[in-house]
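The block underneath contains the structure these notes are about, expressed in structure tokens.
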Amino acid sequence: MQSKPFFQEAIAARRLHTGILLSGLLLGGTCGCREKEPARIVPKMETSVEASNAQAPDARELLVSAEKAVTLRNWSDANRFLKDLLVAKPDHPAGLFLMARVQAETGNLDSAIEMLANVPDNDAKFGIAALGQRGEFLRQVGRNQEAIQVWQALLAKPSVANDPFANQIRSQLAADLQHVGRRIEAGEQLRILVKQSAATEDQLRQLLYITRPPKTREEFAAEVERERLRTQGVAVDSPDAPASSDLNSAWTSLIERRTREAIETLQSVIKQQPSMQAHALLAYAYADLQSFPQMRATIGDANSNSSLPGNLRDFPSFWMAVGAQALFEQSTDDAIGAFVEAMRLDPTSDRAHELLAAALLQAGRVNAAEAVDERRYLLAGPREAYVAVGAGQPDDLRAGKFLVEDLLRLGEMDQACEWRKAIAKRHPGQWGSADEVKQDCAEWKSLAKEDRLKRQLAGISVDRYSKPDLAWLRSTPKAISSTTKPQTTPFTDPPFTPPRLVDVAASVGLNAVFYNRPERVLKLMRLHESLGPGTAALDYDRDGQIDFYINQASGDPPLSSGTRPNHLFRGTARDNGSPVYADVTSSAAADDRGYGVGLTAGDWNQDGWEDLAIANVGQNRLFLNQGDGTFVDATDRVGWSSEKFTASLAMADMDGNGSPDLIEINYADDPRVFEPVEVNSLGLPTNLPGPNHFHAANDQLWLSDSLGLARQVILRRDAIVDLNREAPEQNSPNTPVPPKASGTHAHTPKNLLPKLGDDAFPGLGLIAGELDGQPGLECFVANDSRPNQFWKISRTGSKVKLLQYAETIGLATSSQGKTTACMGVGAADFDRNGTQDMVVANWYDEWLNLYQQVRPGMYRDVAIAFGLDRFSDHQVGFGIQGIDYDNNGWVDLVIGNGHIEDLTHQQLPLQMETQVLVNLGDHFEQADMKSTLGGYWDTPHIGRSLTRCDHNRDGRLDALLSDLHDPLALLENQTENDHHWVQLSLVATSSERSAIGTRVEIIGADKPAVASLNTGNGFACRNEPVVHLGLAGISDPVDVQITWPNGERQTLEQLTVDRRYLVVEAQDAWPE
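With the first letter of the sequence shown counted as 1, position 782 gets the number 782 in full-length UniProt numbering; the numbers rise by one all the way through.
This is the structure in structure tokens:
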């Protein structure tokens, strides 16, 4: 069949709007910012004088001749005729249109684009056709930004917008927007296609996660194949990443929480191709780093740029930035309103869900936060089901039903309908008849807009939390800390003295190696086998030299007891005064053959001798110190008789009755923790055990009386417990009964996963002490992938009231609203504002939390602002302690890192570096220990429990670090400097004698110099119970104010520096 002349084709295109021209367009594309309209260019034509003076051919004749030449594909003749035509009539629409065809056929697409740009959009015959063809040519040469403008111009024309072929244009627009990273705008176009029943399955897939479309089946299969090859030792290249200047790579960096990398990318993108989307993302990235002045400047730049189409308020990331600032300033209602708007604009955003849940928690709306969190988990269902959906897929129908069910619950009625129609069509009669499908769709789509929005917002009312007034964006943001300089300002005081921490364990007799089974394993570890041994520092014989207790496991719970003993190392002084240690476990009767995890020590019976409490996977133990160098098992006094999975313990007077209590932090209450790890045909783990696999356990408090007997209290939010009841309650009403062992390592059923408002969470670390500036003690619990908890206990007679309010004081989640995999905890006044802060170690691809106590009892996570994300996002942190290694008054960090499984086939290290992060006042920097010291620092480790002490009494703090594989390390501080210090050993008389919760402050210091006596001390550990204060260059005697746990204050005057003092409440200090 002979093809129509191109001129006739143009007329037909006008009648069909753009259908014929766009029918062959390829889907795919990118997005970007508005470019300038192409300059009007007509090719330069050289004509002879004779030709100029001759009678010019009629335009009609030239056009007909050119058309015939095109039909014959004689491009040179066609070009000659059209040049003559355009010299005579440069604005001739048909000539320009046909010349574009000639230029395109001869490979000059850029020239073709310029020709089509000169055809007026409102030309009755060629305007629409020229726009459509120009859009196609633009995307062919990679000028997708301009193509987007063309598609938008076409859709703005009523004659096109109302035509059936408009959906082809809209599909192309969505593809180009997606291609260049303008994903929110692409999602808007895809939703329109869905409403018009014109979306393909691939477009439906993109709507499952607008800002990060789920992998296609082909991409997923390729990823699985790469993984298989890697396990066989085959070197496999990863798929090419997008260019660093691409908006898509910025999306990836933000979603994967590489915020600093995203900022660099976005800055480059905005210089080259500015758009409202890029500015909105950059504003959020700055807010994520708590760089609020830069966030506001970015918003201001976008709003003042009149050449940028659109409005920042149409982008979820803008509202997330606004909400982040509001939450930082503890304006919770404004934060909630902003995050609700972000979630309304993109109901598939995981980050918006996390932030909204965090803000709701901080506002005390726990039930609403739970609903948002549950919706976030529900989002994963359709994304996972999609992989199994499609023609020829064996689970197409089954997975499709799950997909549709989840979409209906999420409020995506239109999408659910389109998936139902597509899948049911592939399985005639198996999922209803055509009429039944139609009827179901009609019913789903009839759901009122308000009800759909309610599902999309997890029941949150838009009316209750309106969008915040943005006038405050023009005000000056509050500083991160009134005591620190901006991060960009060089900090020259204090100086950065290189730390010198040397492992001396072997040379001083500390020889201990941990066994997580009778024969140690580092692959396919069950959860308890990955935690390592606890460590505790105590002076059990009161000779003034610190002693150490180290846990051992070496068993297979619940089937067998341990085959190796725990270790009690007694310290004694050599002739030169340096300590040496001997293992006296047997002679001291301090052995326990349980599966040891956590440890603590304290004076349980208030006789002046420190006792031991051991946390096991199994039965916990209490050993009472007899004062003669031996211990006796007094577990029955506590009431520990059942099998538990206890990670950490602390001993402190939580109810204020003058007797110490035991805080028991439990991880799981589920027999499935003992089942083998599932493996694939290659012997690799397929379902690594984690917190959401098992039923969580309640933490417990054992309240003691003056006789050393204890009563069990299950920690439950807002509970009031009467201790006169004959039997303690065993389960929280908010906690389902744990499942029985199933013989298979499966995920916990959804109804058993811990909700945000539950009482039972998988706990790992804790700090007990005075943490809110108010009388009485508090306990902070670091939970694994669930919100942290903050408990306060008050007691009147036999009635005990339990309060848990981590959410409302800023301790439940990270600054990003994420419930991170928290493990170890350290506490100190890191920013020197006079109040205790807390730092928490986290999982790989997360980073430390630095909870700054901005005022008594109110915290906010400022880890990113202090640069801690740069050093901790690729670590799995366990033990962490604040150690002022150089005594300059600024507390630094020592962190023990190591993964929980050998995942080297996934290019993830098992062994990781131990870190020293130096506190420079306004930020932290990592010390280069390997190049300056070597030895212990030459190799990575699998660090676990970390105990702070001054084992040789030289005033320089040391660190005892356990390991899952390597021998116990004692990192002796040998840092050389001329800084001074003072240490206090405290004994309370009006409170429990261990004096937990006492606050010590140097009077008259230039900056607040404060330290507190805590216990629990992090993950599975107990520090030496000594208050240490680095004094930097202060060499004169110092005055010290002590605030005892009951609130009484005592002043000690003119204490000579560089000494340790024994301080008994209300008495003078005694040099030790």
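Beta carbons: idealized from backbone N, C-alpha and C, even for Gly.
Since the model is a prediction, treat every value here as computed from it, not as a measurement.
What does a CB cutoff of less than 8 Å around residue i pick up in its chain, not counting 5 residues either side in sequence?
i	result
residue 376	350, 353, 354 and 357
residue 1056	1037 and 1071
residue 1054	1037, 1038 and 1039
residue 109	103, 137, 140 and 141
residue 432	424 and 440
residue 193	167, 170, 171, 174, 199 and 203
Output the boundary residues of the beta strand (DSSP E) element that contains residue i.
i	result
residue 801	799-804
residue 569	567-573
residue 916	915-919
residue 720	720-722
residue 1061	1059-1064
residue 545	Segment: none, residue 545 is in no beta strand (DSSP E) and carries neither H nor E.
residue 711	710-714
residue 1002	999-1002
residue 393	Element bounds for residue 393: n/a, residue is neither H nor E.
residue 535	535-538
residue 148	Looking at the DSSP string, residue 148 is not in any beta strand (DSSP E); the run it does join, the alpha helix (DSSP H), is 144-155.
residue 102	Note, residue 102: premise wrong, no beta strand (DSSP E); alpha helix (DSSP H) at 93-105.
residue 633	631-633
residue 294	It is not in any beta strand (DSSP E) - residue 294 instead sits in the alpha helix (DSSP H) that spans 292-304.
Rank the options by C-alpha distance to the C-alpha of residue i and give the top, closest one.
i	options	result
residue 1047	1056, 1038, 989 and 1019	989
residue 455	215, 372, 99 and 697	372
residue 327	339, 318, 316 and 317	339
residue 987	548, 935, 881 and 1045	1045
residue 546	122, 814, 448 and 954	954
residue 465	363, 92 and 397	363
residue 820	843, 836 and 808	843
residue 347	330, 395 and 460	460
residue 367	755, 1031, 994 and 1018	755
residue 521	60, 1015, 1052 and 965	965
residue 593	574, 606, 619 and 582	619
residue 963	792, 971 and 579	971
residue 1009	936, 835, 856 and 908	835
residue 673	840, 645 and 839	645
Give me whichever residues DSSP pairs with residue i in a beta bridge.
i	result
residue 666	646
residue 448	According to DSSP, which records beta bridges pairwise, residue 448 is partnered with nothing at all.
residue 877	897
residue 1052	1040
residue 821	784
residue 616	596
residue 851	838 and 861
residue 277	For residue 277, which the question treats as bridged, DSSP gives no partner whatsoever.
residue 1012	999
residue 779	768 and 791
residue 253	DSSP, once it has assigned bridges, lists no residue as partnering residue 253.
Any heavy atom of the ligand SAM closer than 7 Å to the Cβ of residue i?
i	result
residue 458	Within the structure as shown, the ligand SAM is missing, as the structure has no ligands at all.
Along the chain, where does the alpha helix (DSSP H) that runs through residue i open and close?
i	result
residue 576	Taken as a continuous stretch (DSSP letters only), residue 576 belongs to no alpha helix (DSSP H), as it is neither H nor E.
residue 158	158-161
residue 112	109-117
residue 64	59-71
residue 179	166-179
residue 622	Here residue 622 belongs to no alpha helix (DSSP H); instead the beta strand (DSSP E) covers 621-625.
residue 191	183-195
residue 872	869-872
residue 211	It is not in any alpha helix (DSSP H) - residue 211 carries neither H nor E in the DSSP assignment.
Leaving out the 5 sequence neighbours to the left and right, which residues in its chain are closer than 6 Å to residue i when beta-carbon positions are compared?
i	result
residue 458	371, 372 and 375
residue 65	81
residue 861	814, 815, 849 and 851
residue 1016	650, 766, 767 and 768
Quick one: residues in its chain with C-beta nearer than 7 Å to the C-beta of residue i, no 5 flanking neighbours on either side, listed in chain order?
i	result
residue 1034	980 and 1057
residue 938	930
(request) At 3 residues or longer, and completely inside the stretch 679-705: list those beta strand (DSSP E) runs for me, N to C. (result) 700-704
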